[in-house]
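Have a look at the structure below, then the notes.
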Amino acid sequence: MVRSRLPADMHETAMGDEIDDDEARAIRAKRIIEAVAAIPRGRVASYGAIAARAGYPGRARLIGRVLGDAPNRLDLPWHRVLRADGKIGIPPGTAGYREQCRRLKAEGVVVKDGRVPMSAFGLDHDLDRAIWGFPI
DNA sequence: GGCGTGACGGAGC
DNA sequence: AGCTCCGCCACGC
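Counting in the numbering used here, the first sequence runs from 12 upward without gaps.
Now the structure itself:
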């Protein structure tokens, strides 16, 4: 059993439990998948927000990696994850890009030129409404 | 063990 | 809005 040397997984081993790199990857994937699964239908979140919510702040790129490896499960709303500016992260012209557009529009999310207005569909929208009583 | 790459993000211009 | 850098870091050569 090899202790994980992945820098960001050190907190996993801080309690003294021995884990190898594969297990560390599995834990990361699980947390990230759960965070993605928690995005409500018709709403979107940024890679960075999911990273933070999964316990990996500042590591937005990790989310793209995990989602890229994850199977295209129908029950995993991977399409609700976008760049911070609302743009689709998958390179335009690819099948994945078109699929993401399709799945977003299918649940009422507005996609214009490969971009979603985060102010209207991002989770902050709900937060602002909860705090202020209306979207700001 | 370097090195380039990327489904990122923020700052600066 | 767009375009550099720069920090980030797992992966595959």
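All C-beta atoms in this analysis are idealised placements derived from N, C-alpha and C, irrespective of residue type, glycine included.
A quick note: this is a predicted structure, and the numbers were derived from the prediction, not measured.
Own chain residues within Cβ distance below 6 Å of residue i, not counting five before or after
i: His136; result: Pro146
i: Arg64; result: Ala46
i: Pro88; result: Ile50
i: Gly144; result: none
Inter-residue CB distance, residue i and residue j (contact presumed, cutoff 8 Å)
i: Leu73; j: Ala62; result: 6 Å
i: Gly75; j: Tyr58; result: 6 Å
i: Val55; j: Leu93; result: 5 Å
i: Val121; j: Cys112; result: Between Cys112 and Val121 the Cβ distance is about 11 Å, and since that is not below 8 Å, they are no contact.
i: Gly97; j: Pro128; result: 6 Å
Under 8 Å between C-beta atoms of residue i and residue j
i: Ala60; j: Leu138; result: no
i: Arg36; j: Gly66; result: no
Rounded separation between residue i and residue j - CA only
i: Ile50; j: Glu34; result: 25 Å
i: Arg52; j: Ile44; result: 15 Å
Cut-off 8 Å between Cβ atoms - residues of its own chain near residue i, not counting five sequence neighbours on either side
i: Tyr108; result: Ile99, Ile101, Pro102, Gly125
i: Ala40; result: Val77, Asp80, Ala81
i: Ser130; result: His136, Pro146
Proximal residues to residue i (C-beta, below 7 Å), its chain only, five neighbours per side dropped
i: Glu118; result: Arg52, Gly53
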